[in-house]
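Numbering (the working numbering), first residue to last: 110 to 498. Beta carbons: idealized from backbone N, C-alpha and C, even for Gly. Below is one structure, written out as structure tokens, with a few remarks after it.
See the structure below:
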């Protein structure tokens, strides 16, 4: 049992450090502009990392400094979802913006630096225990939601600052490595896509000359037995099973639902009946993956009741094809291998982080000896912990 003191969010906030978003009439689609001050919404808190800077909307600086001056967030602030997907949390990054607006569905905490480390607070709110406390305190009328009073009263563990920084440094080193892996994988795929764009396509063909599209197989959720095999629906991973339908690597195409989505699987997988999977004829899987992504499949819905792809129509689609894709495939396979390696490493790091997080936050596992050491030291400790698993 930890001897660290327990307090509430109110105890670690600066005066007037807890604020909510603006009233509905103060911020809406009518206020959005192409550039200016970004608005933090749920989509920015939905990822696995500290903060997702994608899909910002903006308001003018005048609007932010005027009507919305009481609803601003700055780097180092912790932002929470107030309604909808409760438990979402993000830490406002130091760059590239110095000011943000908090949307109607979010709340902001500005931490007293003499009481708490914002990164530690962020990680504590990532823990299952605190998320459960938030959901358990939610107001269930209509859309489940919380308010500033509920957030202020959430109990949290408040260790000495040195311990907070050590915990945040260790967990942060894992998240930094995961983010670096994501960037490396994205770069590898950008290079592979550039290689695809450079391939000469000097002959006419039908898509069915190059590949076949095979129907996935029904696997209701009640029949999925869990295990190492990812079940793929048209919208992406949809659960796990204990045996594959297809040996990896493979390409999955959304047939019903999320029509035309094209995904790659490095490992054995089970595509369900809302998908096709690709069986190459005269091209490699790597070439098929990029080719299918260029065909605008999402616009080829043929069934009126439920959006869907017609297999016969798709296989008869005219395409331009290379005389050979051998050289292309040889160049991009190492890039696909980079993505596969980083994905597996990141999965292991996420599992390690999620295992360590509650034990570090509770004080069951102490890392106060890290305090004051070089910033690189938590990464080394994380690596040693991973090696010992």
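Given 8 Å as the limit, is there contact between the stretch 376-389 and the stretch 338-351, that is, 3 or more CB pairs closer than that? By the criterion of at least three beta-carbon pairs nearer than 8 Å, the stretch 376-389 is in contact with the stretch 338-351.
Mind reading off the beta-carbon distance from residue 121 to residue 230? Whole number of angstroms is fine, and I expect it under 8 Å. Your numbering for residue 121 matches position 12 in the chain shown. Your numbering for residue 230 matches position 121 in the chain shown. In this structure, residue 121 and residue 230 form a Cβ contact; the two beta carbons are roughly 7 Å apart against a cut-off of 8 Å.
Alpha-carbon to alpha-carbon, residue 443 and residue 123: To locate residue 123, count along the chain shown from 1; it is residue 14. To locate residue 443, count along the chain shown from 1; it is residue 334. Cα to Cα, residue 123 sits roughly 51 Å from residue 443.
How many angstroms separate the CA atom of residue 462 from the CA atom of residue 289? Within the chain shown, residue 462 is the residue found at index 353, counting from 1. Within the chain shown, residue 289 is the residue found at index 180, counting from 1. Using only the alpha carbons, I get a separation of about 15 Å.
Going along the chain, which residues of its own chain have a beta-carbon closer than 6 Å to the beta-carbon of residue 165, five neighbours each way excluded? As a working note, residue 165 is residue 56 in the chain shown. These residues qualify, in order along the chain: 147.
For residue 171, count neighbouring C-beta atoms within 10 Å of its own C-beta (all shown protein chains included) and say buried if the count is 16 or more, exposed if not. Numbered from its first residue, the chain shown carries residue 171 at position 62. That one is exposed.
May I ask you to report which of helix, strand or coil DSSP gives residue 475? The residue you call residue 475 lines up with position 366 of the chain shown. Residue 475 falls in the coil class under three-state DSSP.
Express the C-alpha separation of residue 193 and residue 252 in angstroms, rounding to a whole number. On the chain shown, position 143 is the one that residue 252 refers to. On the chain shown, position 84 is the one that residue 193 refers to. Here the alpha carbons of residue 193 and residue 252 stand approximately 6 Å from one another.
Excluding sequence positions up to five away, which residues of its chain have a Cβ less than 6 Å from the Cβ of residue 388? As a working mapping, residue 388 is identified with position 279 in the chain shown. For residue 388, where only same-chain residues beyond five positions count, the Cβ hits under 6 Å are 321, 323.
Are the Cβ atoms of residue 418 and residue 364 separated by less than 8 Å? Within the chain shown, the letter at position 309 stands for residue 418. Within the chain shown, the letter at position 255 stands for residue 364. The answer is yes: Cβ separation under 8 Å.
Can you list, in chain order, the residues of its chain with a C-beta nearer than 6 Å to that of residue 256? Leave out the 5 residues immediately preceding and following it. By one-based count along the chain shown, residue 256 stands at place 147. Within the same chain, no residue comes within 6 Å of residue 256 by CB-CB distance, once the 5 residues on both sides are set aside.
Counting Cβ pairs closer than 8 Å, one from the stretch 149-161 and one from the stretch 193-208, do we hit at least three? Contact between the stretch 149-161 and the stretch 193-208 is established, with three or more Cβ pairs separated by less than 8 Å.
Beta-carbon proximity list for residue 357, same chain, < 8 Å, skipping 5 on both sides: Taking the chain shown and counting its residues from 1, the one referred to as residue 357 is at position 248. Excluding residues within five positions, the ones whose Cβ falls inside 8 Å are 374, 375, 376, 377, 378.
Going along the chain, which unbroken runs of the beta strand (DSSP E) with 3 or more residues stay wholly within the stretch 178-222? Taken in chain order, the whole beta strand (DSSP E) runs of length 3 or more contained in the stretch 178-222 are 187-190, 198-200, 209-211, 215-220.
In whole angstroms, give me the CA-to-CA distance for residue 355 and residue 326. As a position in the chain shown, residue 355 is number 246, starting the count at 1. As a position in the chain shown, residue 326 is number 217, starting the count at 1. Their Cα atoms are separated by approximately 10 Å.
Report buried or exposed for residue 265, applying the criterion of at least 16 other Cβ atoms within 10 angstroms of its Cβ. The residue given as residue 265 occupies position 156 in the chain shown. By the 10 Å Cβ count, residue 265 comes out buried.
Helix, strand or coil: how does DSSP classify residue 141 here? The sequence position of residue 141 within the chain shown is 32, counting from 1. Residue 141 falls in the coil class under three-state DSSP.
Return the CA-CA distance between residue 334 and residue 346, expressed in angstroms with no decimal places. Here residue 334 refers to the residue found at position 225 of the chain shown. Here residue 346 refers to the residue found at position 237 of the chain shown. Rounded to whole angstroms, residue 334 and residue 346 show a C-alpha spacing of 15 Å.
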